[in-house]
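A.B. asks:
2 protein chains.
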Amino acid sequence: MVENRPPDASRRNERSRRAIHDAALALVAEVGYPRTTIEAIAARAGVGKQTIYRWWPTKADVLLEAFLGLGERTAARGGADAARGIPDTGDLAADLKAVLRATVDELNDPAFEAPTRALAAEGIVDPRLGAVFVEKLLAPSFELYTARLRAGQEAGQVRADIDPRTAVELLVGPLTHRWLLRTLPLTHAYADAIVDHAVRGLAPRDAPVIS
Amino acid sequence: MVENRPPDASRRNERSRRAIHDAALALVAEVGYPRTTIEAIAARAGVGKQTIYRWWPTKADVLLEAFLGLGERTAARGGADAARGIPDTGDLAADLKAVLRATVDELNDPAFEAPTRALAAEGIVDPRLGAVFVEKLLAPSFELYTARLRAGQEAGQVRADIDPRTAVELLVGPLTHRWLLRTLPLTHAYADAIVDHAVRGLAPRDAPVIS
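One line per chain: the protein sequences are L and U, in this order. Be aware that the first sequence starts at 1, since it is given in UniProt numbering, and climbs by one per residue. Be aware that the second sequence starts at 1, since it is given in UniProt numbering, and climbs by one per residue.
1. Between U/Gly-85 and the rest of its own chain, which residues show a CB-CB distance below 8 Å, the 5 nearest in sequence each way excluded?
2. Would a check of beta-carbon distances place U/Ala-193 closer than 7 Å to chain L?
3. Give the residues of chain U in contact with L/Leu-68, contact being defined as C-beta atoms less than 9 Å apart.
4. Report the residue from L/Asp-91, L/Thr-187 and L/Val-132 whose alpha carbon sits nearest the alpha carbon of U/Leu-181.
5. I'd like to know if L/Thr-183 contacts chain U, where contact means its C-beta is closer than 7 Å to some C-beta of that chain.
6. Shorter than 6 Å, the distance from the beta carbon of L/Leu-149 to the closest heavy atom of the ligand SAM, or not?
7. Let's test the definition: count the other Cβ atoms within 10 Å of the Cβ of residue 226 of chain U and tell me whether it reaches 16, buried, or not, exposed.
8. Do the stretch 110-126 of chain L and the stretch 53-63 of chain L meet, that is, are 3 or more Cβ pairs less than 8 Å apart?
9. Would you mind telling me which residues of chain U sit closer than 9 Å to L/Thr-89, beta carbon to beta carbon, in chain order?
10. Could you tell me whether any Cβ in chain L is nearer than 7 Å to the Cβ of U/Leu-170?
11. Please report whether the beta-carbon of L/Tyr-33 lies at a distance below 7 Å from any beta-carbon of chain U.
12. Compare the C-beta of U/Ala-121 with all C-beta atoms of chain L and state if any pair is closer than 7 Å.
13. Quick one: what does DSSP say L/Thr-146 is sitting in, helix, strand or coil?
14. Going by other Cβ atoms of all chains shown within 10 Å of its Cβ, with 16 needed for buried, is L/Val-31 buried or exposed?
15. Give the DSSP-derived three-state secondary structure of L/Pro-127 in the structure shown.
16. Got a sec? Which residues, its chain only, sit under 6 Å from L/Ala-19 by beta carbon, not counting five neighbours each side?
17. Considering only residues of the same chain and omitting the five flanking positions on each side of U/Leu-27, which have a CB-CB separation below 7 Å?
18. Counting only C-beta atoms, is U/Leu-100 closer than 7 Å to chain L at any point?
19. Sorted by chain position, which residues of the same chain lie with C-beta nearer than 8 Å to U/Leu-119's C-beta, five sequence neighbours on each side aside?
20. Which residues, taken in chain order from the stretch 105-130 of chain U, show a beta carbon closer than 8 Å to some beta carbon of chain L?
21. Sort L/His-197, L/Lys-97, L/Val-158 and L/Ala-139 by Cα distance to L/Thr-187 and report the nearest one.
22. Between U/Arg-104 and U/Ala-189, is the Cβ-Cβ spacing less than 7 Å?
23. Measure from the C-beta of U/Gly-173 to each C-beta in chain L and report whether the shortest distance is under 7 Å.
24. By the criterion of Cβ-Cβ separation under 8 Å, what are the contact partners of L/Val-134 in chain U?
25. Could you tell me the distance, in whole angstroms, from the CA atom of L/Ser-178 to the CA atom of L/Arg-101?
26. Can you find the residues in the same chain that come closer than 6 Å, C-beta to C-beta, to L/Val-99, ignoring five residues on each side of it along the sequence?
27. Where U/Asp-95 and U/Thr-89 are concerned, what is the direct C-alpha to C-alpha distance, given to the nearest angstrom?
28. In chain U, what lies closer than 8 Å to L/Leu-138 by C-beta?
Okay, structure coming up:
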């Protein structure tokens, strides 16, 4: 439908979408997800409520798209993003620590924390939204880890009998667990410990110990 | 205050609490957490709304206490509970697999799944409730894992330079991550893979490989 509209309408739509995204992210950060309403998002974005309902089924869907947009903008600015893949310096533990430390920083960043928590919590009780959350937000980074672990297998840094996709959750799982449930502070030292423990498990027994 | 009341009132209170717990668990399983209200819990339990508000600040607190009561009743029936500790047969991997497999079964049990998901999701966005969730529900089992891993250190099954409390999250984290976010099916095979990978990392390099 958009392509049949004059260019002005298309640009206006794009501006509205962006304003709605920004309003949703700002409100979640300010008043929390439960008290963020479609009405409040519409008022802050300067659009009608119906505009939002026409484009998204629920406020969780608005927030998810806003959050994905935020990630893309961060990537476009050349920030610490996963889009360029996990480095392969030949030192598997060092490469994984760099990525997990960057993830710790991102999860501790208030701009990311409130919307990510809200979306994760919604996905936990709503399987449809949870599937979108995993597909759009998590799966792309899982693939980068899988690729790095597979390269590690080819280079003899990772045991050949390990399924890389399972190994990804051995790295990401303990980090996400601590962050989501706040079991203890989420620090670089914890990221390093996860990698050290996991790599000594993943590395072949006859390979030199990487630390 | 309870000890100053006549025994009848105390028994009546106990019956009411139990009825409220049962109503909360049943409603969450039937209509989901967001649509479970204090009003509905009161109606189903046959008590006044004010009775509930007098005892608990929020519906999440009702559900948390109900869930803890459920766990205690399961333990009292001699079910697969953690209260008796993690077995120590001398085979660390086998002992951990037994416990993680039992956890998989519990998490996949519909009677536990709905309230646990609801409480976890609430705790993720509400730090106060999250702290209670961790302290009451998770910390006791973390201590059992820590004790088993410490015994493993004394027996030479676990490297001496590992902090057992950190190692706990290397086991529990990947399981909880997959369950909460539904990244892939939660199976016994996955529990076994987590243990195999983690133990090969946790075991001393010069120890025989346990598998």
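Where a beta carbon is used, it is the ideal one built from N, C-alpha and C, also for glycine.
C.D. replies: Straight from the coordinates:
1. Leu-144, Ala-147 and Arg-148
2. yes
3. Residues of chain U passing the Cβ test: none, with the nearest at roughly 16 Å.
4. L/Val-132
5. yes
6. Looking for the ligand SAM in the displayed structure turns up nothing, as the structure carries no ligands at all.
7. As displayed, chain U neither begins before 1 nor continues past 211, which places residue 226 of chain U out of reach and without an answer.
8. yes
9. Those within 9 Å of L/Thr-89 in chain U number zero; the least Cβ separation is about 21 Å.
10. yes
11. yes
12. yes
13. helix
14. exposed
15. helix
16. Ala-45
17. Thr-36, Ala-40, Ile-41 and Arg-44
18. no
19. Ala-60, Leu-63, Leu-64, Phe-67, Leu-129, Phe-133 and Leu-137
20. Arg-117, Ala-118, Ala-120, Ala-121, Glu-122, Gly-123, Ile-124, Val-125, Pro-127 and Gly-130
21. L/Lys-97
22. Position check: residue 104 of chain U holds Val in this sequence, whereas Arg was assumed. No, the Cβ-Cβ distance between U/Val-104 and U/Ala-189 is not below 7 Å.
23. yes
24. Leu-181, Arg-182 and Thr-183
25. The amino acid occupying residue 178 of chain L in the given sequence is Arg; Ser does not appear at that position. The alpha-carbon atoms of L/Arg-178 and L/Arg-101 are separated by roughly 14 Å.
26. Ile-86
27. 7 Å
28. Leu-181 and Thr-183
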